[in-house]
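**Q**
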Amino acid sequence: MCLGIPGEVLSTVDGPLRMGRVAFGKVIKEVCLAYVPEAAPGDFVVVHAGFAISRVDPEGARRVFAYLEELGETNEVREEEEPR
Amino acid sequence: MRYVDEYRGADEARRYARALHSLVTRPWTLMEVCGGQTHAIVRFGIDQLLPPALTLLHGPGCPVCVTPVELLDKALAIASRPGVVFCSFGDMLRVPGSGRDLLSVKAAGGDVRIVYSPMDALALAERLPEREVVFFAVGFETTAPACAMAAHEARRRGLRNFSLLVAHVLVPPAMEAILAAPHRRVDAFLAAGHVCTIMGMEAYEPLAHAYRVPIVATGFEPLDLLQGIHMCVAQLESGRAEVENQYARAVRPAGNESARAMLREVFEVVPRTWRGIGPIPASGLGLRAAFADWDAERKFDVVSVGGREDAACRSGLVLQGQLKPPECPAFGTRCTPDTPLGATMVSSEGACAAYYRYRRFQVPCPTTSP
Ligand code: SF4
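Structure (structure tokens):
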């Protein structure tokens, strides 16, 4: 239920309720942008129940891979240590 | 899709699994709080990649599963009234109340509609001024801001034929209930990433300190889950108990300020009964007095018929991580998604449904009896 899907902001419309068009792959949806006042076209946002709840931070997005790199240096994983 | 596919790489997943195998020296038990994470773990077989010393317990994080029977009975009563258009997320339609579900109300002629957003229900209320449109506001902190905005907009636009039946629940009090229970088994938590996206991380600091438990805000893709698990285990192995953020691409430490401001304006914290678990103090959200005119419970003055649960269903234990679904005697026999005895078999994020969907043909999974 807390499913959130990342999509790209295509356009924004300011008004009493900030709205915008967001692309999820080929599917385009009308989304409420009131909770991401900073999001602009080209940004990715996480959308849940018709609302963008967060702007995706590209720097933060790389951390999963950076962490793995750091592990490779500090953990000295060798080939024979295959899982199970 | 960008920000989805790259977090499903098999190669990186194997590297994370290897790193975990060389990190773990002792048995540890982790709980993922969110049903979306449970679903991903079972679907992608994350638990099967882990060293045998690591146990994952599935937590109470499926809002559909924990919505109390009393509120479902109220939903059924309201949806059965003539003139009402009852709107809900699709997940709720087959959840059994005391004997019936919303789908059977619809089959009997009730106007029950599935919507994707509470704003769709609001738009219906605008289009159908002669009808009473009710939205079943179910969900955690992730969903509550959408419902808060619907109430706020209804008041701003003067829409008197719209109301919310509010069943919102809060995650940290449920985590605390699990930590405070006797014979606690959880050594660390993967906190629900999208709940943290809204609320930030501060609510977890007192829990981490008081109960000496690492809490890591974690995303929903396989690599997110593996990294979150690694961060938890690294803390456990080095004797730390801190709050950390794995899901940095979506979670800021303070959460989403504008969403939190809207939550504060529309809702107040109330006690809530969790289906299968029982009452938890200060674990729900209810509409503030200023929004009483949009509160379906006041508007329709319905009473619960008492809330009967099927006696065979063990979902309360499943929701607290004390029983894995295949250990329930009814699992896959009397209880299937077509004939669900409990909410955890209905919701796509319920642990019973996840095991039925992805694991039903496997030998009964190694049990983790206490
Ligand atoms: S398998 Fe069915 S009866 Fe057993 S706990 Fe799950 S929902 Fe309840």
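Here the protein sequences come in this chain order: A and B. Numbered by our numbering, the letters in the first sequence go through residues 1 to 84 in order. Numbered by our numbering, the letters in the second sequence go through residues 1001 to 1370 in order. Glycine is no exception: its CB is placed at the ideal position from the N, C-alpha and C atoms.
(1) Taking C-alpha atoms, which residue in B:His1194, B:His1183, B:Leu1164 lies nearest to Leu1287 of chain B?
(2) If you measure from the CB of Gly1342 of chain B, is any heavy atom of ligand 1 nearer than 7 angstroms?
(3) Using CA coordinates, which residue listed in B:Leu1050, B:Arg1240, B:Glu1132, B:Gly1200 is at the minimum distance from Ala1210 of chain B?
(4) Report all residues from its chain with a CB closer than 6 angstroms to the CB of Gly1035 of chain B; omit the five preceding and five following residues, and keep chain order.
(5) Less than 7 angstroms between the CB of Met1092 of chain B and some heavy atom of ligand 1, yes or no?
(6) Per the DSSP calculation, His1058 of chain B is bridged to which residue(s)?
(7) Less than 7 angstroms separating the Cβ of Pro1325 of chain B from some heavy atom of ligand 1?
(8) Does any residue of chain A have a CB that is nearer than 8 angstroms to the CB of Arg1008 of chain B?
(9) Using beta carbons (cut-off 8 angstroms, strictly below), is Arg21 of chain A in contact with chain B?
(10) Looking at chain A, which residues of the region 1111 to 1128 of chain B have a Cβ within less than 8 angstroms of any of its Cβ atoms?
(11) Check whether the Cβ of Arg1357 of chain B sits closer than 7 angstroms to any heavy atom of ligand 1, and report yes or no.
(12) What are the boundary residues of the beta strand (DSSP E) that includes Ile28 of chain A?
(13) Report back the beta-carbon spacing between Met1031 of chain B and Val1186 of chain B to the nearest angstrom; my notes put them in contact at under 8 angstroms.
(14) I want to verify the contact list: residues of chain A whose CB lies under 8 angstroms from the CB of Pro1145 of chain B, in sequence order.
(15) Within 8 angstroms of any Cβ in chain A, is that where the Cβ of Arg1357 of chain B sits?
(16) By the 10 Å Cβ neighbour count, where 16 or more other Cβ atoms means buried, how is Ala1292 of chain B classified, buried or exposed?
(17) If you drop the 5 nearest sequence neighbours on each side, which residues of the same chain put their C-beta closer than 7 angstroms to that of Glu1309 of chain B?
(18) Can you find at least 3 beta carbon pairs, one from the region 1137 to 1145 of chain B and one from the region 1106 to 1114 of chain B, that sit closer than 8 angstroms?
(19) Note down the Cα distance separating Val1269 of chain B from Leu1285 of chain B, rounded to an integer number of angstroms.
(20) Roughly how many angstroms lie between the CA atoms of Ser11 of chain A and Ala40 of chain A, to the nearest whole one?
(21) Mind reading off the beta-carbon distance from Leu1049 of chain B to Trp1028 of chain B? Whole number of angstroms is fine, and I expect it under 8 angstroms.
(22) For a contact defined as C-beta to C-beta under 7 angstroms, what are the partners of Leu71 of chain A on chain B?
(23) What does the alpha-carbon distance come out to for the pair Leu1179 of chain B and Ala1259 of chain B?
(24) Would you check whether ligand 1 has a heavy atom nearer than 7 angstroms to the C-beta of Met1345 of chain B?
(25) Just the C-alpha distance for Leu1071 of chain B and Pro1129 of chain B, rounded to the nearest angstrom, thanks.
**A** This is what the structure gives:
(1) B:Leu1164
(2) yes
(3) B:Arg1240
(4) Gly1061, Cys1062, Glu1349
(5) no
(6) B:Glu1032
(7) yes
(8) no
(9) no
(10) Tyr1116, Ser1117, Pro1118, Met1119, Asp1120
(11) no
(12) 27 to 32
(13) 5 angstroms
(14) Tyr35, Phe51, Ile53
(15) no
(16) exposed
(17) Val1069
(18) no
(19) 5 angstroms
(20) 7 angstroms
(21) About 15 angstroms; that fails the 8 angstroms criterion.
(22) Ala1019
(23) 28 angstroms
(24) yes
(25) 26 angstroms
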